[in-house]
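>
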Amino acid sequence: MLTSNETAKLIIDAQKGDNLAKEKLITLNSPLIKSVVKRYLNKGVDYDDLYQLGALGFVKAINNFDPKFNVKFTTYAVPMIAGEIKRFLRDDGSVKVSRSIKHLSIEINNYVTEYVRLHGENPSYEHLSQHFNMEKAEIVFAMEAVNRPLSIDEKYNDDEDSVSLKDKLPDSFSYENYVDKLALREMISGLEQREKQVIIMRYYLDKTQSEIAAELNISQVQVSRIENKVLKQLKNALFSDKQC
Numbered sequence: 005m006l007t008s009n010e011t012a013k014l015i016i017d018a019q020k021g022d023n024l025a026k027e028k029l030i031t032l033n034s035p036l037i038k039s040v041v042k043r044y045l046n047k048g049v050d051y052d053d054l055y056q057l058g059a060l061g062f063v064k065a066i067n068n069f070d071p072k073f074n075v076k077f078t079t080y081a082v083p084m085i086a087g088e089i090k091r092f093l094r095d096d097g098s099v100k101v102s103r104s105i106k107h108l109s110i111e112i113n114n115y116v117t118e119y120v121r122l123h124g125e126n127p128s129y130e131h132l133s134q135h136f137n138m139e140k141a142e143i144v145f146a147m148e149a150v151n152r153p154l155s156i157d158e159k160y161n162d163d164e165d166s167v168s169l170k171d172k173l174p175d176s177f178s179y180e181n182y183v184d185k186l187a188l189r190e191m192i193s194g195l196e197q198r199e200k201q202v203i204i205m206r207y208y209l210d211k212t213q214s215e216i217a218a219e220l221n222i223s224q225v226q227v228s229r230i231e232n233k234v235l236k237q238l239k240n241a242l243f244s245d246k247q248c
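If you're matching positions, the sequence shown starts at 5 in our numbering and goes up one per residue.
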């Protein structure tokens with residue numbers, strides 16, 4: 005453990021361009037960085053990536069620290085480490101969900117929780133559709149949109165015997181199929197509203213083309229055309245991704 009004077013000297017050396025001093029500070033303060041990183045696990049970003057972000061914030065703390073701040077360096081470094089991680093999650097996260105969708109999802113899930121408490125069972129999509137005066141496809145999309153997928157390689161902590169989600173999956177699990185499903189979900193979220201409704205109702209709510217046509221007030225031929233068009237787009241997108 006470094007004394008305050010030793011830490012101050014290493015910081016001064018690092019600010020002068022001494023990379024060995026900077027690396028020594030990072031290594032000796034690794035437990036501090038990890039303690040901050042653990043607050044942001046299960047946010048859809050790998051532990052290693054979070055640690056690298058934390059280390060970047062720590063380096064910024066080294067570069068900007070001034071003894072005149074009259075605070076311990078570690079006290080100054082913690083918000084810098086956390087700030088770098090939070091900035092990434094806010095601005096560069098892989099999943100972007102609008103505030104209106106987040107608000108709607110919270111409303112629906114709060115209602116579902118209360119409904120289960122009163123009735124002992126989950127409400128049907130039909131019931132939710134009537135209660136919120138929305139189409140069932142929109143209900144499904146709102147409830148699914150805020151569920152950020154975890155990295156399949158992400159470990160729950162950095163201990164030697166920690167395991168990732170992939171480690172806990174059965175041998176029969178197909179990693180490739182899982183990735184395809186995540187990619188498919190992302191593609192569906194980018195479809196036009198009518199296309200999204202048809203695909204969600206057809207493949208998530210298991211409705212026939214006739215049922216979809218009746219609910220959307222369009223012809224079955226239109227439903228079939230939309231379905232075929234979207235399926236072709238999705239297949240082409242998945243196929244082109246695998247060729248890259």
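We put the beta carbon where it would ideally sit given N, CA and C, even for glycine. Since the structure is predicted, the reported quantities are computational estimates derived from the model, not experimental observations.
Between which two residues does the alpha helix (DSSP H) holding residue 206 run?
Here the question's residue 206 lines up with position 202 in the sequence shown. 197 to 207 is the span of the alpha helix (DSSP H), which, as asked, contains residue 206.
> How many angstroms separate the CA atom of residue 228 from the CA atom of residue 196?
By 1-based counting over the sequence shown, the position of residue 228 is 224. By 1-based counting over the sequence shown, the position of residue 196 is 192. Near 16 Å, if we compare the C-alpha coordinates of residue 196 and residue 228.
> Do the CB positions of residue 63 and residue 26 come within less than 9 Å of each other?
Taking the first residue of the sequence shown as position 1, residue 63 is located at position 59. Taking the first residue of the sequence shown as position 1, residue 26 is located at position 22. Going by C-beta atoms, residue 63 is nearer than 9 Å to residue 26.
> At a cut of 8 Å, does the segment 86 to 96 reach the segment 105 to 123 through at least three beta carbon pairs?
These segments do not touch.
> So residue 92 and residue 36 are in contact, right, with Cβ under 8 Å, and what is the actual spacing, rounded?
Residue numbering aside, residue 92 sits at position 88 when the sequence shown is read from its first letter. Residue numbering aside, residue 36 sits at position 32 when the sequence shown is read from its first letter. The Cβ separation is near 19 Å, so there is no contact.
> Enumerated in chain order, which unbroken segments of the alpha helix (DSSP H) with a length of 4 residues or greater are wholly contained in the segment 119 to 147?
For the segment 119 to 147, whole alpha helix (DSSP H) runs of length 4 or above, ordered along the chain, are 129 to 136.
> Could you give the first and the last residue of the continuous alpha helix (DSSP H) run that contains residue 31?
Residue 31 sits at position 27 when you count from the first residue of the sequence shown. That run of the alpha helix (DSSP H) goes 23 to 32.
> Taking C-beta to C-beta, are residue 77 and residue 15 nearer than 9 Å?
Here residue 77 refers to the residue found at position 73 when the sequence shown is read from its first residue. Here residue 15 refers to the residue found at position 11 when the sequence shown is read from its first residue. Taking 9 Å as the Cβ cut-off, residue 77 and residue 15 qualify as a contacting pair.
> Is residue 191 near residue 226, with beta carbons less than 9 Å apart?
Counted from its first residue, the sequence shown places residue 191 at position 187. Counted from its first residue, the sequence shown places residue 226 at position 222. Not in contact: residue 191 and residue 226 (Cβ atoms no closer than 9 Å).
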